[in-house]
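In the working numbering, the protein residues as written are 28 to 550. Note that beta-carbon positions come from the ideal geometry of N, C-alpha and C, so glycine has one too. All of these numbers come straight from a predicted model, not from anything done at the bench.
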């Protein structure tokens, strides 16, 4: 029997890319490939690139060059680029980076195994030719579901062709939840998704949709991710059930814009119906929703996010700025006072709710008064996490054609100024949580790294952690009281370290079930 080919997946960028990598891993493993963790142990290293901003592109190029350096010194024979940067630039990337043995776009994902074998066998696969993916689907959202069958949608894979496991019968219409649109009822019983987990973390992301219909002038994502298209609720539910069987305790719903979920399925309020279904999946302790558009927030969605048991009262709101003139130039809506009213509404329903956002400073035409308005918003918003980016032109965007650009040194100075303010503010917000009781998903139970986890207001990798001070008191305990990765525990916040919380585990909490957001709000 010939030796199995080995492949390593190197993932850069956001949680959406992580889902895409796990779908690629599922396809490759189903076709006989052996997945390895380190690129140096692989016949081919597949680098899932990010193409969002210049810094991310540089990281992607560096990762490709680093993998290329392995060739000739070990097992690695080929380096292949996939992901957003490969999709966005295709042939241009291949010409600029001959170290990559292949540049594959999203349309190649379904045949990824054949593509890699061709490259390893010395063949040449034509590099991806970029195109505006917004033109692949109808303009009308209602017409997209049928037309989307022939369009590559990374992360939407539902069932593996090989060893898919038992297939349950679909739910009869009378059994389907009344709040789900006809024709999109969930399937009873999990089927194996077209996915293979690449780590054993107790949290995993699930694609809710792909693409975006918004036309923000600074963003190129819709051009290479395409128009917005929702996954069927049954696929989202089945993947969540499968993840729970793999030991996942928290799922994070990701897409370019979760607040638009369902608009192409006939119900813009479909997320409000789906969240309680996901929260009831056996084994899942927390459901988190990311990527929310402030202009699309609605009272019903706020209610579900703040009152549904096991759904985190967490709001990842894409504000980007708060000065009206800058927002209009970005083709976005709102202003400081409207955004503060939205936050007040959220906190009136869940005082402990977590809120994070990203902001762009130095946008073309941004005045000192605009910057001061942004600082006013940040000072009053009490955000748990703040990301600040300096504006830079992105290929193919409307803002790149604007004439009133700020000098690079001005942008850099404003970035440093707002970043300092943001750091101070998130530390102050963390200090406000001293004395709170938080429910924490344990991600490390000790050892050299200590013990830590994340509260409901903290998303993976972006929003800080909860550091346990007394975890040694629980070492070696049995009978359900031992501290271990994947447990949901209660802890009292006793201090802070910047954005991180320092907390004491509460005796008797390790076997407790997570309370609902409404119970938390009442504490």
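Relative to the alpha-carbon of residue 267, which residue among 244, 285, 314, 41 has its alpha-carbon at the smallest distance? 314
When the Cβ atoms of the segment 327 to 335 are set against those of the segment 297 to 315, are three or more pairs found closer than 8 Å? yes
Mapping DSSP to helix, strand and coil, what is residue 179? coil
In the DSSP output, what is residue 413 paired with across the bridge? 384
Would you check if the distance between the CB atom of residue 54 and the CB atom of residue 139 is smaller than 7 Å? yes
Expressed to the nearest angstrom, what Euclidean distance is found between the alpha-carbon atoms of residue 532 and residue 120? 50 Å
If we ignore side chains and look at the alpha-carbon of each, how far apart do residue 257 and residue 283 end up? 11 Å
To the nearest angstrom, how far is the alpha carbon of residue 245 from that of residue 46? 25 Å
Can you grab the Cα-Cα spacing for the pair residue 513 / residue 152, in whole Å? 43 Å
Here's the rule I'm using: 16 or more other beta-carbon atoms within 10 Å means buried, otherwise exposed. How should residue 413 be labelled? buried
Using DSSP with H/G/I as helix, E/B as strand and the rest coil, what is residue 342? strand
Cβ-based burial, residue 455 [other Cβ within 10 Å; buried from 16]: exposed
Since residue 103 and residue 69 should fall inside the 8 Å C-beta cutoff, what is the C-beta to C-beta distance between them, to a whole number of angstroms? 6 Å
Roughly how many whole angstroms lie between the Cα atoms of residue 43 and residue 277? 16 Å
Run through the DSSP bridge pairs and tell me what residue 495 is partnered with. 530
Could you please give the first and the last residue of the uninterrupted beta strand (DSSP E) stretch that includes residue 234? 230 to 234
Roughly how far, in whole angstroms, is the beta-carbon of residue 123 from the beta-carbon of residue 107, given that I think they are within contact range, below 8 Å? Going by Cβ atoms, the distance from residue 123 to residue 107 rounds to 16 Å, so no, they are not a contact pair.
If I follow the unbroken alpha helix (DSSP H) through residue 313, where does it start and stop? Looking at the DSSP string, residue 313 is not in any alpha helix (DSSP H); the run it does join, the beta strand (DSSP E), is 313 to 316.
Taking three-plus beta-carbon pairs below 8 Å as touching, is the segment 479 to 495 in contact with the segment 438 to 447? no
I think residue 117 touches residue 156, with their Cβ atoms under 8 Å apart; what is that distance to the nearest whole Å? 5 Å
Simplified DSSP assignment, three categories, for residue 200: For residue 200, the predicted structure reports a pLDDT of 32, less than 50, and the residue's modelled location is therefore unreliable. The matter cannot be settled from this model.
Can you list, in chain order, the residues of its chain whose CB lies under 8 Å from that of residue 511, leaving out five sequence neighbours each side? 469, 472
Determine, using beta carbons only, whether residue 517 and residue 464 come nearer to each other than 7 Å. yes
Would a C-beta distance cut-off of 7 Å place residue 380 and residue 326 closer than the cut-off? no
One question on the structure: do residue 319 and residue 285 come within less than 7 Å of each other, judged by their Cβ atoms? yes
Complete beta strand (DSSP E) runs within the segment 325 to 372 (minimum length 3 residues, chain order): 341 to 343
Within 10 angstroms of the Cβ of residue 290, are there 16 or more other Cβ atoms? Answer buried if so, exposed if not. buried
Could you please give the first and the last residue of the uninterrupted alpha helix (DSSP H) stretch that includes residue 524? It is not in any alpha helix (DSSP H) - residue 524 instead sits in the beta strand (DSSP E) that spans 515 to 524.
Going by the CB atoms, is the gap between residue 49 and residue 223 shorter than 7 Å? yes
Tell me the rounded alpha-carbon separation between residue 302 and residue 444. 39 Å
6 Å CB neighbourhood of residue 482 in its chain, flanking five on each side removed: 465, 467, 493
Going by DSSP in three states, residue 480 sits in which element: helix, strand or coil? strand
Please go through the segment 94 to 180 and give each complete beta strand (DSSP E) segment of 3 or more residues, from N-terminal end onward. 105 to 110
Beta strand (DSSP E) runs contained entirely in the segment 31 to 58, provided each spans 3 or more residues: 33 to 38
Please list, in chain order, all residues of the same chain as residue 143 whose beta carbon is under 7 Å from its beta carbon, the five residues on each side excluded. 34, 71, 107
If you reduce the DSSP assignment to three classes, tell me which class residue 277 lands in. strand
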